Structures are given as C-alpha cells and as structure tokens.
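Beneath this line is the structure, given in structure tokens, with notes to follow.
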Amino acid sequence: MEGIIHSIRGMHDIVPEQTSHWQLVETSLKNILTCYGYQEIRFPIIEKTELFSRSIGEGTDIIEKEMYTFVDRNGDNLTLRPEGTASCIRAAIQNGLLGQTQRLWYIGSMFRHERPQKARYRQFHQLGVEAYGFSGPDIDAEMILMTSRLWKELRLKSLSLQINSLGSIQSRLAYRENLVSYFESNKNALDEDSRRRLYRNPLRILDSKNPDIRILNEAAPKLVDHLDEESKLDFKVLCEILDHAGIIYNINPYLVRGLDYYGKTVFEWVTDHIGSQNTICAGGRYNDLAEQLGGKAVTAMGFAIGLDRLMSLLDLINLLPRISKIDVYLVSVGDLARRYSLYIAENLRNQIPGLRLITHCGSGSFKSQFKKADRSGARWTLILGNDEVVQRVIGVKAMDIGEQETIPWDALTTYLICKLSGKTK
RNA sequence: GUGAGUGUAGCUCAGUAGGUAGAGUACCGGAUUGUGAUUCCGGUUGUCAUGGGUUCAAGCCCCAUCACUCACCCCA
Numbered sequence: 000m001e002g003i004i005h006s007i008r009g010m011h012d013i014v015p016e017q018t019s020h021w022q023l024v025e026t027s028l029k030n031i032l033t034c035y036g037y038q039e040i041r042f043p044i045i046e047k048t049e050l051f052s053r054s055i056g057e058g059t060d061i062i063e064k065e066m067y068t069f070v071d072r073n074g075d076n077l078t079l080r081p082e083g084t085a086s087c088i089r090a091a092i093q094n095g096l097l098g099q100t101q102r103l104w105y106i107g108s109m110f111r112h113e114r115p116q117k118a119r120y121r122q123f124h125q126l127g128v129e130a131y132g133f134s135g136p137d138i139d140a141e142m143i144l145m146t147s148r149l150w151k152e153l154r155l156k157s158l159s160l161q162i163n164s165l166g167s168i169q170s171r172l173a174y175r176e177n178l179v180s181y182f183e184s185n186k187n188a189l190d191e192d193s194r195r196r197l198y199r200n201p202l203r204i205l206d207s208k209n210p211d212i213r214i215l216n217e218a219a220p221k222l223v224d225h226l227d228e229e230s231k232l233d234f235k236v237l238c239e240i241l242d243h244a245g246i247i248y249n250i251n252p253y254l255v256r257g258l259d260y261y262g263k264t265v266f267e268w269v270t271d272h273i274g275s276q277n278t279i280c281a282g283g284r285y286n287d288l289a290e291q292l293g294g295k296a297v298t299a300m301g302f303a304i305g306l307d308r309l310m311s312l313l314d315l316i317n318l319l320p321r322i323s324k325i326d327v328y329l330v331s332v333g334d335l336a337r338r339y340s341l342y343i344a345e346n347l348r349n350q351i352p353g354l355r356l357i358t359h360c361g362s363g364s365f366k367s368q369f370k371k372a373d374r375s376g377a378r379w380t381l382i383l384g385n386d387e388v389v390q391r392v393i394g395v396k397a398m399d400i401g402e403q404e405t406i407p408w409d410a411l412t413t414y415l416i417c418k419l420s421g422k423t424k
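Just so we're aligned: 121 in numbering that gives the first Met the number 0 is position 122 of the first sequence, and the numbers increase by one with no gaps anywhere.
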C-alpha cells in the first residue's frame, strides 16, 4: 500500500452505495422542514476563529483543543467550522435577516479534531435548524414536534426525548454558586474529571457517566428549584404542548448541554443502539448569542441532527430500504447495433422523462453484458443485435421472470411506459 | 489528549508447534459462435500495514511507526 495516499484520519468517503441512502434521508428531512416553513441558508465552511471562540465558550473542549485552526496567507486566524449555530447567526446579522422572524436550516460538514470513534468523526455532517425572533416556548415546542415528525417519517422508533430548562443566565449563575459549594463540601468524592470541571463548568458534572458521581448528583441542589419565574412558566407551557401532542418525554434535570450559549429550553434525542455516542439530535435556546456577537438582541432557538449517527442508526436497525437503481439496461452486440444503441437510448430519454436507463458501453460479450444488466438491478434488459437493427425491432427481457418479447422500434416507447407504470399490456 | 483491541486477495476471513500463503465471495473465460440471477469446469488476484530485530528459517516471536476499531474525555 506504499505510495497510496489515504484520507485524513477521522475523515471518511461516502461511497455510492451509501450516498443513495443519504440522499433519500436528506430528501425526507428537507421536505418536512419545507412544510414547516423553514428555508435553507448556506454559509462558508471557514470563519474567523474569533466567531467560534466568542460564541461556543472559551472553556469548552471544542475551543480549547478540537478546532482546525490555521493562519492563512493574509495572517488571518481562521477555523474550519466546528458547528453551524455561530456561523448561521453571523450570516443572519450580516445579511440583515434579524429585522423579522426567521426559520432557517442548513446542512453540511463540520470539523472537530477529536479521537475518532463509533459515530464520531473529525469531519462529520449536521443538519442544523435555527429560528430567530421567537421568544418561545411555542417555537421550542414546534421544533420538538417537527423532529418527532422527522423520526416518524423515517419509521424510527428507537429514540427517546430528554428535555430540561437551564433557566436564564442570572438564575443559572445563582444555581452555579450553590452547586459549586455543594461539590466543594464533597470534594473528596469527586473524580479527577469532575474536579477539573468544578470551577470551569460545574454544571457538566451533572451529566457525568461515573456511577459514583451520579449518586453524588442525586443529593445535589436541583436546577429546577433555582429557575426564574419566566423560565419556569415557559417550561411548563412547553411540557403542556408536548403532552397535548402525545409526545413522550423525560424531564432530565441532569441534561445541561455542553456549549456555553444555551439557556432555558434544552433537549436531546438519544438512542441506545449505536454505542457510546448516543445523541442523534440536540439543541436548545440561546437568546443572548446574537448580542454577544455584536448584533442586536434576538431570541433564538435551534437544534442539530448528527447525520452520520442518524445514518448509522438507520442502517443498524435495518430501516434503509433497498433502492432500485435502474429501470432498463440496454445491451448491444455487433458493430451496427452498437452504433444504434445510443441513438435508441437517447430517443427513449426524450420520450420518457425520468427513465433510468444504462446503455452498455465498452466491450463485452453478450454473456458479460447480461451479467452487468443483472447486477445493475434493471427490471428490463433491452437487447439489440445486428439482426434487430435490420428488422427495426428490439428484444425486451423481463429480468425477474425471464420472459422476452420482440418489440418494433416505433412501439417501444409505449410498451415501456406501460411496463413502468405497472400496467399489463 | 488517555486506555484497550485489530491490521493476511477488491470484500469477509482461515493460517495448526516459526518451515516461504489458503477458502468463500467478487472478477474474467468456457460448458451455451446472441441471453443474467441457479449449476458445472478453468483462470487471475497478495511487498501477509510499514520499518527494524531475533532465527538456518518469521504471516506467526520482539521493538518502533502508521492506520483502523472500541471505550474514556467531549459532543451531533
């Protein structure tokens, strides 16, 4: 394998067998977003580093050690986007979109320099959704209902919904103090990770995986008891809307989310099927971010779906359908026939828009051409030899039942349209 | 960044106690001078991840490097 250049660690190719599935899923997702009135926005894959450090939070792992950051030829400090929220709101500010309410979505690659593992890659794909100018909690509920519909559309039942409210920044600060003093008085019980988080991001101790810490958390002060009145009410209304819609959820007081800009509503859809990276979709409210990035204050709510994780979940529980790739494969043998095959194919394409037709190209015996026709998944094989050309006819073989008919050229289009629409002739 | 496991044909994997590499599948050809998926016959495919070391001899043992996988951390 010497001399072969490989892709960078943690960055993977998506090959044709997979792209057909990705396209299918992406189309479903986009259709539903469109039906809810969300519009696509596209923004650059690279931004000034400052955009991310100012939004995501200086103390987070993303900023501290996971960004692909470099200095470009102008000396500017740039970063491959580790997430979409900051870029999206930057684009909204810059393009004057925040004068009115916005429902937006985007899709694309994100980059984080983490150790790769199952469903976690250095280049990964997210579908992000953001809404600006809605104070909630109705838009919060709308997003959760919409994600629930996405799963229904994909026939995905193995996701469970976790929700929580982080409260306003002020109420969270008060809570944080309480929490720190609680953990300080139990400092000996803390593990190494938790001690590190104690002053930097004490809320994150709450979602530790360590069983001992979990026990310690049970007696910790509860965020719910420190919520400000507005957050409390919003959260109550959110729960009521979800109840009315029949959405099953779990209020998880330990759900705190990692990025600094979240406040009030947060939610996650998790699965226990794909290993340790179990969050498929997550988001929350971030009402202070726009102002923090130099825009005017705008309420905002958003979430992102980890598409790599979604695809691997769908694959694992066998929800990816067998996709028929092609309708018709045209084989041709003989000099005369080969000259006519592309001509016949083009005529068919003209007359049957959307026809999925492969014309055999290159050499190949009759036998090998048929093998290719078979493997292409085509339901019909068209057979053109010199004899057929002379008689102005073509063979049509139904690959599933193995029956073959001879059809005159001028009747071929009608014949195929009949077959494709499932009608018997 | 930390830890563990795995690297042999395009793919999935065997490879006995160190003795110079095998199966299935895929691919190509034939049985059928013009008919696939089934059957039968034949053929091709490898710097055994890379570099060193031990040995008369290394796919196998030792060391290093790289990659992949899983978990921790973190997050979608």
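All residues carry an ideal CB built from backbone N, CA and C; glycine is no exception.
Predicted model only: the values in this text are computed from it and were never measured.
Once the 5 residues before and after residue i are set aside, which same chain residues still bring their CB inside 6 Å of it?
| i | result |
| --- | --- |
| G166 | L226, D227, S230 |
| E387 | I393 |
| S52 | I62 |
| Y414 | I406 |
| D409 | none |
| I357 | I325, Y328, S375 |
| F365 | V332 |
| L318 | R154 |
| P136 | D233, V236, L237 |
| K221 | P252 |
With distances taken Cα to Cα, identify the nearest neighbour of residue i among the options.
| i | options | result |
| --- | --- | --- |
| R41 | G127, P220, C34 | G127 |
| G305 | K396, I406, Y120 | Y120 |
| R148 | N216, L356, C34, D399 | C34 |
| D139 | L354, V389, S164 | S164 |
| V389 | L335, A372, I382, G401 | L335 |
| D242 | E141, D326, D211, L341 | E141 |
| N286 | Q169, Q122, L411 | Q169 |
| I44 | M310, Q93, Y105 | Y105 |
| T100 | G353, V297, V265 | V297 |
| R199 | A344, I416, L178, G361 | L178 |
| H11 | K117, L189, L32 | K117 |
If you drop the 5 nearest sequence neighbours on each side, which residues of the same chain put their C-beta closer than 8 Å to that of residue i?
| i | result |
| --- | --- |
| T48 | M66, T68, N76, L77, T78 |
| R175 | P201, L202 |
| G293 | I92 |
| S86 | F42, P43, E46, L50, R80 |
State the beta-bridge partners of residue i as determined by DSSP.
| i | result |
| --- | --- |
| Y105 | G127 |
| F234 | Looking at the DSSP assignment, F234 forms no beta bridge with any residue, so it has no partner. |
| K151 | In DSSP, K151 forms no bridge with anything. |
| A281 | E267, A303 |
| W21 | Its beta-bridge partners do not exist; DSSP assigns none. |
| S159 | V269 |
| E46 | T78 |
| G384 | V332 |
| S362 | Answer is none; S362 lacks a bridge partner. |
| V392 | P407 |
| I357 | Y328 |
When DSSP labels each residue in this structure, what does residue i get in the three-state scheme?
| i | result |
| --- | --- |
| D409 | helix |
| I31 | helix |
| R114 | coil |
| I7 | coil |
| S331 | strand |
| R348 | helix |
| P201 | helix |
| G98 | helix |
| Y260 | coil |
| M0 | Note on M0: pLDDT 38, under 50, position unreliable in the model; no value is reported. |
| I247 | coil |
| R171 | helix |
| K208 | coil |
| F69 | strand |
| A397 | strand |
| E404 | strand |
| Q122 | strand |
| S375 | helix |
Assuming the contact rule is C-beta atoms closer than 8 Å, residue i and residue j should be a hit. Round their C-beta distance to whole Å, please.
| i | j | result |
| --- | --- | --- |
| L258 | T59 | 7 Å |
| A299 | R321 | 41 Å between Cβ atoms; not a contact. |
| P115 | G9 | 4 Å |
| L103 | Q38 | 6 Å |
| Q161 | V269 | 6 Å |
| Y260 | L288 | 5 Å |
| I279 | L197 | I279 to L197, Cβ: 30 Å. No contact. |
| S323 | H359 | The Cβ separation is near 19 Å, so there is no contact. |
| E16 | T84 | Not really, about 32 Å apart at Cβ, beyond 8 Å. |
| L312 | V24 | Contact doesn't hold; Cβ gap of about 11 Å is too wide. |
| D307 | F133 | Contact doesn't hold; Cβ gap of about 29 Å is too wide. |
Using a Cβ-Cβ cutoff of less than 7 Å, which residues in the same chain neighbour residue i once the five nearest sequence positions on both sides are dropped?
| i | result |
| --- | --- |
| E404 | V395 |
| V223 | P252 |
| L315 | H272, I273 |
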